[in-house]
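Undergrad:
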Amino acid sequence: MLLETQDALYVALELVIAALSVAGNVLVCAAVGTANTLQTPTNYFLVSL
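Residue numbers for the sequence shown follow the UniProt record's numbering, beginning at 1 and rising by one.
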């Protein structure tokens, strides 16, 4: 029973981390896409990762 609870907590934590990572990447893509000063080759490279 305890192992199942730990597994569920681990999966939930991993999902939260994944969701925050995706949200952060979307914000970076939006910032580079909308702000002219951020549209540099280096930032385009970072967005492509």
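Each residue gets a CB set at the ideal place from its N, CA and C atoms; glycine is no exception.
Using beta-carbon positions only, say whether valine 26 and asparagine 43 come within less than 8 angstroms of one another.
TA: By one-based count along the sequence shown, residue 26 stands at place 26. By one-based count along the sequence shown, residue 43 stands at place 43. No, the Cβ-Cβ distance between valine 26 and asparagine 43 is not below 8 angstroms.
Undergrad: What is the rounded straight-line gap between the Cα of threonine 45 and the Cα of tyrosine 10?
TA: Position 45 of the sequence shown, counted from the start, is the residue given in the question as residue 45. Position 10 of the sequence shown, counted from the start, is the residue given in the question as residue 10. According to the sequence as given, residue 45 is phenylalanine; it is not threonine. Each residue's alpha carbon lies about 33 angstroms from the other.
Undergrad: Are the CB atoms of valine 47 and valine 28 within a distance shorter than 8 angstroms?
TA: Counting from one through the sequence shown, the residue named residue 28 turns up at place 28. Counting from one through the sequence shown, the residue named residue 47 turns up at place 47. For valine 28 and valine 47, yes; Cβs fall inside 8 angstroms.
Undergrad: Residue range of the alpha helix (DSSP H) that alanine 18 falls in?
TA: Within the sequence shown, residue 18 is the residue found at index 18, counting from 1. Looking at the DSSP string, the run of the alpha helix (DSSP H) that includes alanine 18 is 2-34.
Undergrad: I need the DSSP call for threonine 42, collapsed to helix, strand or coil.
TA: By one-based count along the sequence shown, residue 42 stands at place 42. Threonine 42: helix per DSSP, three-state reduction.
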